[in-house]
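Below is one structure, written out as structure tokens; comments come after it.
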Amino acid sequence: MKFIYFSFFIIFDLTLSSTTTLSDLNLDTQVLAQPVIEENWEELLVAGPLAINYIGNLMILASKCDFSLTSSSPSHVYEHIKYPNSFRMTLAQIASEIYNAFMNAHTTIERIQSSTKQIPQHLKIILKLLKSAAPSIIQVMLPKTLDTIERIPKDVANSANIIIKKYESSTALLQEVIEALADSYGVNNSVLMNMNVLVNATKELNKMQQQWSEIARYLSILTIRVETSRQTVFYELMDTINNIISMNIQLNAADRYFFVSKMLDAIIKIEQDANLLYIIAKTYYDVSSAYIVSQMSDVSKLLLLQTDDERHAAMIQLDETLLFTSAEISQIVLEQKQQYQQRNQEIQDEYKQFIQQMMFENLTASIGK
Ligand SMILES: *[C@@H]1O[C@H](CO)[C@@H](O)[C@H](O)[C@H]1NC(C)=O
Ligand SMILES: *[C@@H]1O[C@H](CO)[C@@H](O)[C@H](O)[C@H]1NC(C)=O
Ligand SMILES: *[C@@H]1O[C@H](CO)[C@@H](O)[C@H](O)[C@H]1NC(C)=O
């Protein structure tokens, strides 16, 4: 009995997991925090293959014999379980809901990966405008380009929240199954084994939900960052630009240098935030493509195993796959972490070079006078 209370405690504890909303965010403290890629990104990414391993194990167990979930109170209505007459069907339902969440996550992360990759190009356009475009062009193009950048994290934030909800509902289904098992069979040993694996699977799903909370948090940080630079630097610059246009004069090298230096810090930080999101999305997408989506779609086959030999072989296969996959993920995260750090430094260097070049041009312009 002790075990059951213990696992319920874990499950209920898991439901308190945090989902970050925009209003929770304080940009300064968020930025000081270690990015997830430096912390537990690997542990979070391994959660997918682990969850698949647990579901696979349950299916192998269930292929041997099916049983029903019968509540102690006859009038009980299950909220999430569709087929209480069959544990096997219930597992198929679980697998299908999880697959659905994984597929959704997969397509969304692909969008995040390809759209954040564009951000540096938009930032270069801003610098180019400030450096050499006519004031009237800056007046039109600068707000437009900032809009384009801001739309990138905003457009996917909603999809990220939908995925978080999908994980929540999968977790709710698993919890109901665990409760139904306890209610139907008490401390029956064979059922206890199923419950144990279900509890483990739930923990991993919760980590996958955490991944998306992290992704949603970074999308918010990026949105706020663009918004903030628009509100501070940008309006100030636009006032000056508007004045210059109304006075019908041209920008000189000193003006341009001033504009670029005003925006440079914001541009560097936006590009670094975008770099972090891109790396996170890339590692997720690579792992999801190679080790999650098709594996999850294959797992239901295990329900159809006929003999104990087949079951034994399938269990060994599942564990070998997990071992191999964990090592691969570890390597992917290590490589991407290095990429992230290296690119972060390059971003600073590139912009420093840019501003030095402008300073030099300002100098030659003033000498030439
Ligand atoms: C234990 O659970 C199994 C289902 O896994 C069921 O077939 C069996 O009758 C149960 N035994 C007892 C003693 O309740
Ligand atoms: C559940 O996970 C723990 C580690 O978190 C592991 O020690 C245990 O063997 C797992 N149980 C089952 C039944 O898979
Ligand atoms: C740019 O040149 C102007 C003179 O034309 C000078 O006053 C200004 O300090 C220079 N700015 C920089 C950053 O070199």
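Residues -17 to -1, 1 to 352 (mature numbering (1 follows the signal peptide of the UniProt record, and there is no 0)) are what the sequence shown spells out, left to right.
Cβ atoms here follow ideal geometry from the backbone N, Cα and C, with glycine treated the same way.
Terminal residues of the alpha helix (DSSP H) in which Pro136 lies = 118 to 168
Alpha carbon to alpha carbon, how far is Glu329 from Thr211?
-> 24 Å
CB-CB length for Ser69 against Ser51, believed under 8 Å | 6 Å
Would the C-beta of Met176 count as close to ligand 5, meaning under 7 Å from any of its heavy atoms?
-> Here the bound small molecules are ligand 1, ligand 2 and ligand 3; ligand 5 is not part of this structure.
Which value, in whole angstroms, describes the spacing of the CA atoms of Met279 and Ala78?
-> 7 Å
Have a look at Asn231 and Lys137 and give me their C-alpha separation to the nearest angstrom.
-> 37 Å
Can you tell me which of Ile204, Phe337, Leu346 puts its alpha carbon nearest to the alpha carbon of Leu110?
-> Phe337
In terms of alpha-carbon separation, which member of Asp248, Ile161, Glu162, Thr266 lies closest to Glu26?
-> Thr266
Give every residue whose Cβ lies closer than 5 Å to any heavy atom of ligand 2, listed in chain order.
-> Asn179, Val180, Asn183
Cβ pair count under 8 Å reaching 3, the stretch 247 to 258 against the stretch 203 to 210 | yes
Report the residue from Leu234, Glu254, Val182, Ile228 whose alpha carbon sits nearest the alpha carbon of Leu202.
-> Glu254
Within the same chain, show all residues whose beta-carbon is closer than 8 Å to that of Ile43, passing over the 5 residues directly before and after it, in chain order.
-> Leu285, Leu288, Arg294, Ala297, Met298, Leu301
Taking C-beta to C-beta, are Ala237 and Asn345 nearer than 8 Å?
-> yes
Going by CA-CA distance only, name the one from Asp291, Leu157, Tyr268, Ile147 that's closest to Gln192.
-> Ile147
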